[in-house]
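Residue numbers (this note's numbering), protein chains in the order written: chain A, 605 to 859; chain B, 605 to 859. For glycine and all other residues, C-beta sits at the position ideal for the given N, C-alpha and C. Computed from a prediction, not measured in an experiment: that's the story for all the values here. Encoded as structure tokens, the structure appears first; notes follow it.
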DNA sequence: CACTAAATGTTATAATTTTAACATTCACGC
DNA sequence: GCGTGAATGTTAAAATTATAACATTTAGTG
């Protein structure tokens, strides 16, 4: 433990507080020590900063997502979601007005939508909106309200009414749990109203879920399985969906 | 221009959307191309990502905005905005419900808000929402609608009504033009309703504009200068604001 | 089906960053 | 002042990342 060490780090953190990066050489100059000393400070002392390619950046800031490397597992998990969304893509047509649910499942779909010339996306999720906003030739309608960080989505008392006013063509719904008998559920209660409204108003309803969701029940039920026209799932999910059921299961597409 | 380039970048951006970094080698593997291709994508196409020490990071991620490659002019311009926002900060109190306007002027304010324990932010701008969503202890209300990419904001026919339902304490309004006689203007017509509604309902109204906005007129007028209680501007803006006027000018704060 | 141009891959090289080892300086008690 | 250990600086080598040049593949065209 060294008082100067801590003092230098505090100074640097202050410099970075407004965001940005500081090259190690500049950090050293700022503190009037050698680069090696800054390096040692960073490894010796606990700090909210990290060194990335010779540059100092803020990480682990209270509440701010820390800088970390995506693990291979995370990357491959993303690949699976990507394949699922490739399947969903087959259902989308030029001119559609899509309702896109919150969560991470449908995110990989969005960049694929840039192929279409005329598409409207309706969502109540911030991450979905950001992905769509980055695309050209896309009409985006975000249903606002109070922000729920856990699901990156918004909730408001008149969201259902707002959704029913829109001419939604296809509803792409995701879920946190699918139980063949009990129904389809999610974590957060504020998601129930928009999901149900989208299911009620859309002309075609797709449930997009990977295998891990089957047999799971989450706090908030929002639909029965046969409320959907199509279920898109992966190789592992399909058998679970079909077994012990055969009558009122929607069409199934496997990624 | 290359469609695949854009598609790859979109895919990577999605993978990084929830934060973190992705090593170039993993990014190349994910897209099934060579590292060189990803490098070229990044330099060829406009993107929100940047390469930092061989790792791909979201450039607009809180704390990772790379300022080192900005021109000095840009850096100083940002510094000016930052100072302006520092002044605005003095008007904000614990427990406030703030209306925050769209544009880039007020963005540097947002990261400073993390010092407060209890704050509500109301906005109709996507970039503002993203900055606030990254902060802890913050209540965020986003007014949704149809997305306008040029101003990164939303517009809807009932936005004014939605704003007037909220208990907004202080309205922080920015503008593209301030003419001492003709009034305050912005570029986009859909911004007029929310700005006016916020001005109408807020208990305190602050106009935040740097010197470059004075004497400029933009397509859409939305207020008179004396609709505001305070004008926050910089050293160069203050004299322009005061000259030839003296009666109905609001209090002026200089950054 | 050959031709062309764009896109991508490969390789070698340059530049940068990281690490390790050792030298030097500084603070402080005796 | 001297000795001691911590802190810092310096240097060289290793590892990593970036760049440039050229080879190869691919997509589109006549």
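| Query | Result |
| --- | --- |
| Segment contact flag, the segment 686 to 704 of chain A with the segment 757 to 764 of chain A, C-beta cutoff 8 Å, min 3 pairs | no |
| Presumed contact (8 Å Cβ cut-off) between residue 733(B) and residue 750(B), rounded CB distance | The pair is not a contact, with the Cβ atoms about 15 Å apart (cut-off 8 Å). |
| The segment 713 to 724 of chain A touching the segment 735 to 746 of chain A, judged by at least three CB pairs closer than 8 Å | yes |
| First through last residue of the beta strand (DSSP E) which encompasses residue 704(B) | 701 to 704 |
| Residue burial classification, residue 611(A) (beta-carbon count within 10 angstroms, cutoff 16) | exposed |
| Neighbour flag for residue 798(A) against chain B, beta carbons, 7 Å | no |
| Cβ-Cβ separation, residue 805(B) to residue 777(B) (assumed contact under 8 Å), whole Å | Going by Cβ atoms, the distance from residue 777(B) to residue 805(B) rounds to 12 Å, so no, they are not a contact pair. |
| Secondary structure of residue 607(B), DSSP reduced to three states | helix |
| Chain A contact for residue 832(B) (CB, 7 Å cutoff) | no |
| Sequence-distant residues of its chain with Cβ nearer than 7 Å to residue 626(B) (five each side left out) | 616, 619, 620, 659, 660 |
| Pairwise C-alpha distance: residue 709(B) and residue 807(A) | 42 Å |
| Closest Cα partner of residue 711(A) within the set 701(A), 700(A), 730(A) | 730(A) |
| Cβ pair residue 772(B), residue 727(B) closer than 7 Å | no |
| As assigned by DSSP and simplified to three states, the class of residue 627(A) | strand |
| Chain-order list of residues whose beta-carbon lies under 6 Å from that of residue 689(B) (same chain, five-residue window excluded) | 712, 713 |
| Residue 798(B), buried or exposed, once every other Cβ within 10 Å from all chains shown has been counted against 16 | buried |
| Chain A residues whose Cβ lies nearer than 8 Å to that of residue 745(B) | 748, 749, 750, 751 |
| Under 9 Å from the C-beta of residue 712(A): neighbouring residues of chain B | 615, 618, 619 |
| Cβ of residue 656(A) within 7 Å of any chain B Cβ | yes |
| Counterpart residues of residue 783(A) in DSSP-defined beta bridges | 787(A) |
| Alpha-carbon spacing of residue 818(A) relative to residue 790(A), whole angstroms | 12 Å |
| Beta-bridge pairing of residue 810(A) - partner residues as DSSP gives them | 776(A), 834(A) |
| Where residue 678(B) falls: helix, strand or coil (DSSP) | Confidence is the limiting factor: at residue 678(B) the pLDDT is only 43, short of 50, which leaves the residue's position unreliable and the question unanswerable from this model. |
| Contacts around residue 752(B), its chain only, beta-carbon distance under 8 Å, and the 5 residues preceding and following it disregarded | 758, 759, 792, 794 |
| Cβ distance (whole Å) where residue 748(B) is taken to contact residue 748(A) below 8 Å | 3 Å |
| Exposed unless 16 or more other CB atoms sit within 10 angstroms - verdict on residue 607(B) | exposed |
| Any chain B beta carbon closer than 7 Å to residue 715(A) | yes |
| Nearest-angstrom Cα separation, counted from residue 640(B) out to residue 704(A) | 34 Å |
| Beta bridge counterpart(s) of residue 691(B) as assigned by DSSP | In the DSSP output, where bridge partners are listed per residue, residue 691(B) has none listed. |
| Nearest-angstrom Cα separation, counted from residue 784(B) out to residue 837(B) | 14 Å |
| Helix, strand or coil at residue 732(B) according to DSSP, with G and I counted as helix | helix |
| Which of helix, strand or coil DSSP assigns to residue 758(A) | strand |
| Beta-carbon proximity check, residue 656(A) vs residue 655(B), cutoff 7 Å | no |
| Any chain A beta carbon closer than 7 Å to residue 758(B) | yes |
| Residue 746(A), DSSP secondary structure in three states | strand |
| Element boundaries [alpha helix (DSSP H), containing residue 646(B)] | 639 to 648 |
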